[in-house]
Amino acid sequence: MNSDSKVTPLRPKRPCPECGKPSARDTFPFCSTRCKDTDLNRWLKGAYVIKARDDEEETDPDAPK
374 MNSDSKVTPL RPKRPCPECG KPSARDTFPF CSTRCKDTDL NRWLKGAYVI KARDDEEETD
434 PDAPK
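Rendered as structure tokens:
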């Protein structure tokens, strides 16, 4: 094997969604464990919410009809 050959990265570096620094391979897509943990904390606190549409009715499949 030629020592001058370059290793092609598996995925391109992208900016960290938390701070904008280049992502790290170990914590992709984040740049560090700190940014990764910050994002996880936001999910666990409920800061990220997927809202339902107002026209959808909540139905309980176990409710009597």
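Heads up, the sequence shown is in the working numbering, so the first residue is 374 and it goes up one at a time. Note that the Cβ used here is the ideal one computed from N, Cα and C, for glycine as well.
Pull up the DSSP beta-bridge partners for proline 385, would you.
The partner list for proline 385 (beta bridge, DSSP) is empty, contrary to what the question assumes.
Whole angstroms are fine: how far does the CA of lysine 394 sit from the CA of serine 378?
Those two C-alpha atoms are separated by around 27 Å.
Which residue or residues does DSSP assign as beta-bridge partners of proline 395?
Pro388.
Quick check on the DSSP output: the alpha helix (DSSP H) that includes lysine 418 runs from which residue to which?
Here the alpha helix (DSSP H) through lysine 418 covers 406-418.
Compute the Euclidean distance between the alpha carbons of alanine 425 and glycine 419, then round it to the nearest angstrom.
Between alanine 425 and glycine 419, the C-alpha separation is close to 15 Å.
Measure the C-alpha to C-alpha separation of leucine 413 and arginine 407 and round it to an integer number of angstroms.
Their backbone Cα atoms lie some 10 Å apart in a straight line.
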